[in-house]
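Peer 1: Residue numbers (UniProt numbering): 1 to 110.
(1) For residue 8, collect the residues of the same chain with a Cβ closer than 7 Å to its Cβ; drop the 5 residues on either side in sequence, then sort them by chain order.
(2) Secondary structure at residue 74, three-state DSSP: helix, strand or coil?
(3) Below 8 Å CB to CB, which residues in the same chain sit around residue 59 once its five sequence neighbours on both sides are set aside?
(4) Can we count residue 68 as close to the ligand ZN, meaning its CB is less than 7 Å from some heavy atom?
(5) Can the beta-carbon of residue 69 be found less than 8 Å from the beta-carbon of residue 87?
(6) Quick check: residue 104 and residue 82, are their CB atoms within less than 8 Å of each other?
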């Protein structure tokens with residue numbers, strides 16, 4: 001299934017003007033990279049994949065709208081999957097995109 005193009009555009013709008021921003025199609029989604037590190041990605045079904053500090057991510061998991069990201073049945077440390085229900089408003093999307101960007105800004109540029 002392809003990524004949610006409406007979500008991808010909303011992410012693009014939030015990140016417009018962000019220094020070092022690129023986007024790339026990968027794993028069936030559209031990833032948004034900052035200085036070479038993927039911060040967030042638009043996935044299928046309107047879900048948002050967010051890269052976070054693993055220590056912070058644990059506290060944001062609620063078991064409903066925010067869950068650990070899984071790939072091939074394995075939990076991906078430092079990645080969360082945010083359901084579209086938690087992204088309904090621009091403020092909610094900005095919060096999650098901001099968390100992803102803030103974390104990758106702590107990493108050395110690639």
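Here a beta-carbon is modelled for each residue, glycine too, at the ideal position from N, C-alpha and C.
Peer 2: The structure says:
(1) For the purposes of this step, residue 8 is taken as residue 8 along the chain shown, with counting starting at 1. So the list reads 30 and 42, once near-sequence residues are dropped.
(2) Taking the first residue of the chain shown as position 1, residue 74 is located at position 74. Three-state DSSP puts residue 74 in a strand.
(3) Here the question's residue 59 lines up with position 59 in the chain shown. Correct list: empty, nothing qualifies.
(4) Questions concerning the ligand ZN fall outside what the structure shown contains, since it holds no ligand whatsoever.
(5) In the chain shown, residue 69 corresponds to position 69, counting from 1. In the chain shown, residue 87 corresponds to position 87, counting from 1. Going by C-beta atoms, residue 69 is not nearer than 8 Å to residue 87.
(6) Position 104 of the chain shown, counted from the first residue, corresponds to residue 104. Position 82 of the chain shown, counted from the first residue, corresponds to residue 82. Cβ distance not < 8 Å, so residue 104 and residue 82 don't count as in contact.
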